[in-house]
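4 protein chains.
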Amino acid sequence: MKVFSTSFPVRYYETDQMGIVHHSNYIRFFENARSQMMVDLGCPIEEFEKQFGVLIPIVSVECRYRHPARMGDVLTATASVVKSPMAKMEVAQTVVNQRGEVCAEGLVVLGFIDSKTFRPVRCPEVIVQMFEKLQ
Amino acid sequence: MKVFSTSFPVRYYETDQMGIVHHSNYIRFFENARSQMMVDLGCPIEEFEKQFGVLIPIVSVECRYRHPARMGDVLTATASVVKSPMAKMEVAQTVVNQRGEVCAEGLVVLGFIDSKTFRPVRCPEVIVQMFEKLQ
Amino acid sequence: MKVFSTSFPVRYYETDQMGIVHHSNYIRFFENARSQMMVDLGCPIEEFEKQFGVLIPIVSVECRYRHPARMGDVLTATASVVKSPMAKMEVAQTVVNQRGEVCAEGLVVLGFIDSKTFRPVRCPEVIVQMFEKLQ
Amino acid sequence: MKVFSTSFPVRYYETDQMGIVHHSNYIRFFENARSQMMVDLGCPIEEFEKQFGVLIPIVSVECRYRHPARMGDVLTATASVVKSPMAKMEVAQTVVNQRGEVCAEGLVVLGFIDSKTFRPVRCPEVIVQMFEKLQ
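Residue numbers (this note's numbering), protein chains in the order written: chain A, 25 to 159; chain B, 25 to 159; chain C, 25 to 159; chain D, 25 to 159.
What follows is the structure, given as structure tokens:
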């Protein structure tokens, strides 16, 4: 199972008055890794949306917080497709800090909808095949 | 089981290029409802932190997205404690729009840590009793 | 000069590790007041965009920070049009806390562009007249 | 005058329903560049706060928007100190895209306050000297 990843420093505006990264931001870090996955696969999300007229909304997220990230940390977010996209796609995700500590891990389920009608559609076939090659 | 709630309009900066509220924001809306719960119980989160020297970090979040919220919607976020706080507290959450459609629902688990040592502690006894009265 | 306003509590995710509201959020609070202005004028921004095919991007913002807002504060953001919209519209803005202390004040200049071509256009005439009545 | 910079891709959650990066995010990008400046000078902001007991709140921001940034863009934010820090520090800022187009430029004025009392203080002498060497 191929793991895609992207790294970035913690931003000041991502901290909260507890002095740690606000928990909502990990959901955004997960997305950063999925965006990088699409770039690495040669089909950035914004081109996917335009080319296929298909949007990829989120069906559900689960996130378990293991270790607080802080200002000064450099995080690596990862994404790996655990269930090939048909009607839905499941992506396992982690956020790890520069010392290898897992800050958060989770599972994100995505769907596919027509960008005009907002109705569910199947994942475009070329994308299905692209992901199947990864398994 | 008592349900606490707070309402607010969708903000322009919460939308994304899909034209709907970005999914990460629902995790923040959930928090809005929990903050309101603490206010309604007479113990706003910032006073809780100061008075008890205890922070309430997030252990895990789960969120299922049902219906996209859009600019112009007025959302109501709800929180109800489903498991009385001891070492952990479980809160059921929803985000509902002005037409009663459930936009998102989920479960958030919170822990209690000492604000100095960041080590897990029990929920302060007066708070435990406060929540037990709600059941 | 008519002043439009909207109130909202400080959100936990808007605080940073200084323990105060992160400065970038005031730019968003300013927008909240402008959105409320459009609602009060009977032309919410999302309907304006659809009806006229015109977007209202930001040309410039200036913000002076006077007093930090904190968790527990209830803020009121205001907007008042200081220069009637033609090619551009100028809006004076403030954020005031529940004790009347000015947290921030500033000036936002907005333009008008065609939503298809992204080229500058004049403000739709009915909107110009709507704002002129306010002066 | 030394220019400090840092690069990062546009994130999906930074876009809004206009399909471009929401204007409030440039204020955050400016901060990214200032954080990088402190790292490059060997004194990351979080260490500065701890070591000197001094916070660096924002006094004012000005930002002029030149060119919209979009999903797929890689932005470079820059910071250069135009007025050596005494009571205040002035930082010129830009955000430039991968094609060299200036997306935004501005000026940020920062102050120095004691982290305990929140009262204005002078910039620590070693930091003043560090910045003076840059001129």
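Heads up, the beta-carbon is just placed ideally off N, CA and C, and yes, glycines get one too.
Please report the Cβ distance between I137/C and V78/C, rounded to the nearest whole angstrom; I am assuming they are in contact, meaning their Cβ atoms lie under 8 Å. Within the third sequence, the letter at position 113 stands for residue 137/C. Within the third sequence, the letter at position 54 stands for residue 78/C. The beta carbons of I137/C and V78/C sit about 7 Å from each other, so the pair counts as a contact at 8 Å.
Limits of the alpha helix (DSSP H) - the one that R52/B falls within: By one-based count along the second sequence, residue 52/B stands at place 28. The continuous alpha helix (DSSP H) containing R52/B extends over residues S48 to D64.
Report the residue from E70/C, V45/C and A103/C whose alpha carbon sits nearest the alpha carbon of R35/B. As a first step, residue 35/B must be located in the second sequence, where it is residue number 11. Checked all of E70/C, V45/C and A103/C; the closest Cα to R35/B is E70/C.
Counting contacts by CB-CB distance shorter than 7 Å, is Y7/D in contact with chain A? Outside the displayed range of chain D (25 to 159) lies residue 7/D, so it cannot be described from this structure.
Which residues of the stretch 64 to 85 of chain C have a Cβ closer than 9 Å to any Cβ of chain B? Give them in chain order. Residues passing the 9 Å Cβ filter: P68, I69, E70, E71 and E73.
Any beta carbon from chain C within less than 7 Å of D40/A's own beta carbon? Counting from one through the first sequence, the residue named residue 40/A turns up at place 16. For D40/A, the answer is yes, since a Cβ of chain C falls inside 7 Å of its Cβ.
Using a C-beta cutoff of 7 Å, does G96/B count as contacting chain C? For the purposes of this step, residue 96/B is identified with residue 72 of the second sequence, where counting begins at 1. So yes, G96/B belongs to the interface.
Output needed for E125/C: all residues of its chain with C-beta closer than 7 Å, excluding positions within five of it in sequence on either side, in chain order. Numbered from its first residue, the third sequence carries residue 125/C at position 101. Taken in chain order, the residues that qualify are H91.
Count the other C-beta atoms from every protein chain shown that fall within 10 angstroms of the C-beta of T118/C, then say buried if there are 16 or more, exposed otherwise. Position 94 of the third sequence, counted from the first residue, corresponds to residue 118/C. The residue in question, T118/C, is buried, as its Cβ has 16 or more Cβ neighbours within 10 Å.
Please say whether T30/A and N49/A have beta carbons closer to each other than 7 Å? In the first sequence, counting from the first residue as 1, residue 49/A sits at position 25. In the first sequence, counting from the first residue as 1, residue 30/A sits at position 6. Using a Cβ distance threshold of 7 Å, N49/A and T30/A do not count as a contacting pair.
Please confirm whether I151/A has its beta-carbon closer than 7 Å to some beta-carbon of chain B. Along the first sequence, read from residue 1 onward, the residue named residue 151/A stands at position 127. I151/A has a beta carbon lying at 7 Å or more from every beta carbon in chain B.
Any non-hydrogen atom of the ligand FAD within 6 Å of Q153/A CB: The model depicted lacks the ligand FAD and carries no ligand whatsoever.
What three-state label does DSSP hand L158/C in the structure shown? Against the third sequence, residue 158/C aligns to sequence position 134. Coil.
Classify A111/C: buried if its beta carbon has 16 or more other beta carbons within 10 angstroms, exposed otherwise. The residue you call residue 111/C lines up with position 87 of the third sequence. Label assigned to A111/C: exposed.
Using three-state DSSP, classify E125/D as helix, strand or coil. As a first step, residue 125/D must be located in the fourth sequence, where it is residue number 101. For E125/D, the three-state secondary structure derived from DSSP is coil.
Which word fits V98/D, buried or exposed, when buried means at least 16 other C-beta atoms lie within 10 angstroms of its C-beta? Position 74 of the fourth sequence, counted from the start, is the residue given in the question as residue 98/D. Taking a 10 Å sphere around the C-beta of V98/D, we find fewer than 16 other C-beta atoms and assign the residue as exposed.
Going by Cα to Cα distance, which pick from L134/C, R123/C and L158/C is closest to E147/C? Translated into the one-based positions of the third sequence, residue 147/C becomes position 123. At residue 147/C the sequence reads Cys, which differs from the Glu that was named. C147/C has its Cα closest to that of L134/C, out of L134/C, R123/C and L158/C.
Going straight from the alpha carbon of M61/A to that of P144/A, what length do you get? For this step, residue 61/A is matched to residue 37 along the first sequence. For this step, residue 144/A is matched to residue 120 along the first sequence. Computed Cα separation, rounded: 22 Å.
Per-residue contacts from V48/B into chain A (C-beta, under 7 Å): Taking the first residue of the second sequence as 1, we reach residue 48/B at position 24. Before going further, note that residue 48/B is Ser rather than Val in the sequence given. Neighbours of S48/B on chain A, chain order: S48, I51 and R52.
Three-way DSSP call (helix, strand, coil) for I80/C in this model: Mapped onto the third sequence, residue 80/C falls at position 56. Collapsing the DSSP output to three states places I80/C in coil.
Tell me where the beta strand (DSSP E) around F136/C begins and ends. The sequence position of residue 136/C within the third sequence is 112, counting from 1. Counting along the chain, F136/C falls outside any beta strand (DSSP E), and DSSP gives it neither H nor E.
So, is the C-beta of C87/B closer than 7 Å to a C-beta in chain A? As a first step, residue 87/B is located in the second sequence; it is residue number 63 there, counting from the start. Chain A contact via Cβ: present.
Might you give, ordered along the chain, the residues of its own chain that have their beta carbon closer than 6 Å to the beta carbon of P100/C, omitting 5 neighbours on each side? Taking the third sequence and counting its residues from 1, the one referred to as residue 100/C is at position 76. With the sequence shown as reference, residue 100/C is identified as Thr, and Pro is not the correct amino acid for it. Only S29, S31 and V120 meet the Cβ criterion.
Within chain C, partners of E55/B - CB distance below 8 Å: Translated into positions along the second sequence, residue 55/B becomes position 31. Within chain C, the residues near E55/B are R35, Y36 and Y37.
For R52/A, count neighbouring Cβ atoms within 10 angstroms of its own Cβ and tell me buried if that reaches 16, exposed if not. Within the first sequence, numbered from 1, the residue matching residue 52/A stands at position 28. It is buried - the Cβ of R52/A has at least 16 other Cβ atoms within 10 Å.
What three-state label does DSSP hand V34/B in the structure shown? Locating residue 34/B in the second sequence gives position 10, where the first residue counts as 1. Coil.
Interface flag, G130/D vs chain B, CB-CB below 7 Å: As a first step, residue 130/D is located in the fourth sequence; it is residue number 106 there, counting from the start. Not an interface residue.
Should M25/B be labelled buried (16 or more other beta-carbon atoms within 10 Å of its own) or exposed? Taking the first residue of the second sequence as position 1, residue 25/B is located at position 1. Counting every other CB atom within 10 Å of its CB across the protein chains shown gives M25/B a total below 16, marking it as exposed.
Neighbour list for F13/D in chain A, Cβ cutoff strictly below 8 Å: With chain D represented from 25 up to 159, any question about residue 13/D goes unanswered, as that position is not in the structure.
Closest to Y89/A by CA distance: which of G130/A, V115/A, G96/A and M95/A is it? Taking the first residue of the first sequence as position 1, residue 89/A is located at position 65. The shortest Cα separation from Y89/A among G130/A, V115/A, G96/A and M95/A belongs to G130/A.
Let's test the definition: count the other Cβ atoms within 10 Å of the Cβ of Q75/A and tell me whether it reaches 16, buried, or not, exposed. Along the first sequence, one-based indexing puts residue 75/A at 51. Exposed: under 16 other Cβ atoms inside 10 Å.
What does P144/B pair with, by DSSP beta-bridge criteria? Mapped onto the second sequence, residue 144/B falls at position 120. In DSSP, P144/B forms a bridge with I137/B.
Which residue comes first and which comes last in the beta strand (DSSP E) that contains Q117/C? Residue numbering aside, residue 117/C sits at position 93 when the third sequence is read from its first letter. Taken as a continuous stretch (DSSP letters only), the beta strand (DSSP E) holding Q117/C covers K112 to V120.
Using CA coordinates, which residue listed in D40/B, A128/B, I44/B and E114/B is at the minimum distance from F80/B? As a working mapping, residue 80/B is identified with position 56 in the second sequence. Contrary to the premise, residue 80/B reads as Ile rather than Phe in this sequence. Checking every option, the nearest Cα to that of I80/B belongs to E114/B.
How close, in whole Å, do the beta carbons of T102/D and V27/D come, if the pair is a contact with beta carbons under 8 Å? Position 78 of the fourth sequence, counted from the start, is the residue given in the question as residue 102/D. Position 3 of the fourth sequence, counted from the start, is the residue given in the question as residue 27/D. A Cβ-Cβ separation of about 5 Å places T102/D in contact with V27/D under the 8 Å criterion.
Partners in chain D for S59/A, counting only beta-carbon separations shorter than 7 Å: For the purposes of this step, residue 59/A is taken as the residue at position 35 of the first sequence. Under the 7 Å cutoff, chain D gives Y36.
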